[in-house]
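Trainee: Residue numbers (the numbering used here): 25 to 147.
Yeah, the Cβ is synthetic: ideal placement off N, Cα and C, and Gly gets one too.
The following block contains the structure, expressed as C-alpha cells.
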C-alpha cells in the first residue's frame, strides 16, 4: 500500500468524526474511493435507487491513517537522531582538539625533561 498524501490524511481523519467532506477535494475523494479507503454512506436504499450522504472509512482507510502517522513518527525520530549525532560530532571535535593540545603539551614536557636530564648529566 502506498503512503497517502497529507490532504488525503486530513480527509480520512475528518471522516472519523464526520461523514461529510468538503467538495473542493473532488480529486482526492475519487482517489480514496478508487483505492477503497472510503465508501459511500448509503442512508436509503430501494431496489431501483439508493441515497447517499457523505462517506465512511473502510478498514483500509483506517490502516492508511495508522501508516501515515507511523511514517510521521519515524521521520520525527530520524530527525531527533540526526540532531543528537550532530551534537555528538561537535563534542567529539572539541575533545579531539583538546587531545591534540594535550599531546603537544606532553611532547613539550618530555623535551624539557630530556633537556633537563642532559643538562644535569653534563654538569
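Distance check for residue 95 and residue 79, CA to CA, integer angstroms please.
Mentor: Residue 79 and residue 95: Cα-Cα distance of roughly 25 Å.
Trainee: If I'm right that residue 38 touches residue 28 with Cβ under 8 Å, what's the distance once you round it to whole angstroms?
Mentor: So it is not a contact: roughly 13 Å between Cβ atoms.
Trainee: Buried or exposed for residue 126, please, with buried defined as at least 16 other CB atoms from any protein chain shown within 10 angstroms of its CB.
Mentor: exposed
Trainee: By DSSP's criteria, residue 62 is part of a beta bridge. Which residues make up the other side?
Mentor: By DSSP's assignment, residue 62 forms a beta bridge with 81.
Trainee: Does the distance from the CB of residue 89 to the CB of residue 56 come in under 9 Å?
Mentor: no
Trainee: What is the rounded straight-line gap between the Cα of residue 41 and the Cα of residue 101?
Mentor: Going by C-alpha positions, residue 41 is about 29 Å away from residue 101.
Trainee: Could you tell me which of 97, 146, 132, 33 sits nearest to residue 87, measuring between CA atoms?
Mentor: 33
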